[in-house]
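Scroll down for the structure; my scribbles are underneath it.
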Ligand SMILES: [Zn+2]
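Residue numbers (the working numbering): 42 to 102.
As structure tokens, this is what we get:
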């Protein structure tokens with residue numbers, strides 16, 4: 042079960058020009074956490090899990 046992770050929706054389109062990302066580009070984005078839109082050259086950055094990691098670390102204490 043995914044707990045509170047659904048609100049972190051995967052990025053499906055360029056936030057700058059709105060171009061839909063191909064499924065392959067979405068994979069690249071997931072892997073690299075960054076992707077340059079080929080339409081407007083906007084650098085899409087995937088929010089890193091750092092916050093979530095820190096959150097879980099704190100819970101363990
Ligand atoms: Zn774009």
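C-beta atoms are modelled at their ideal positions from N, C-alpha and C, and glycine is treated no differently. The structure displayed is predicted, hence computed values, not measured ones.
Check: So does residue 80 have its beta carbon nearer than 7 Å to some heavy atom of ligand 1?
Finding: To locate residue 80, count along the chain shown from 1; it is residue 39. Within the cutoff, so yes.
Check: Excluding sequence positions up to five away, which residues of its chain have a Cβ less than 7 Å from the Cβ of residue 78?
Finding: For the purposes of this step, residue 78 is taken as residue 37 along the chain shown, with counting starting at 1. 55, 57, 58, 60 and 85, listed in sequence order.
Notebook entry, point to check: What is the rounded straight-line gap between the Cα of residue 80 and the Cα of residue 101?
Noted result: Within the chain shown, numbered from 1, the residue matching residue 80 stands at position 39. Within the chain shown, numbered from 1, the residue matching residue 101 stands at position 60. Each residue's Cα considered, the two are about 43 Å apart.
Checklist line | Pairwise C-alpha distance: residue 75 and residue 82 | finding: The sequence position of residue 82 within the chain shown is 41, counting from 1. The sequence position of residue 75 within the chain shown is 34, counting from 1. Using only the alpha carbons, I get a separation of about 12 Å.
Check: When every heavy atom of ligand 1 is checked, does at least one fall within less than 7 Å of the C-beta of residue 100?
Finding: On the chain shown, position 59 is the one that residue 100 refers to. Distances taken from the Cβ of residue 100 to the heavy atoms of ligand 1 include none shorter than 7 Å.
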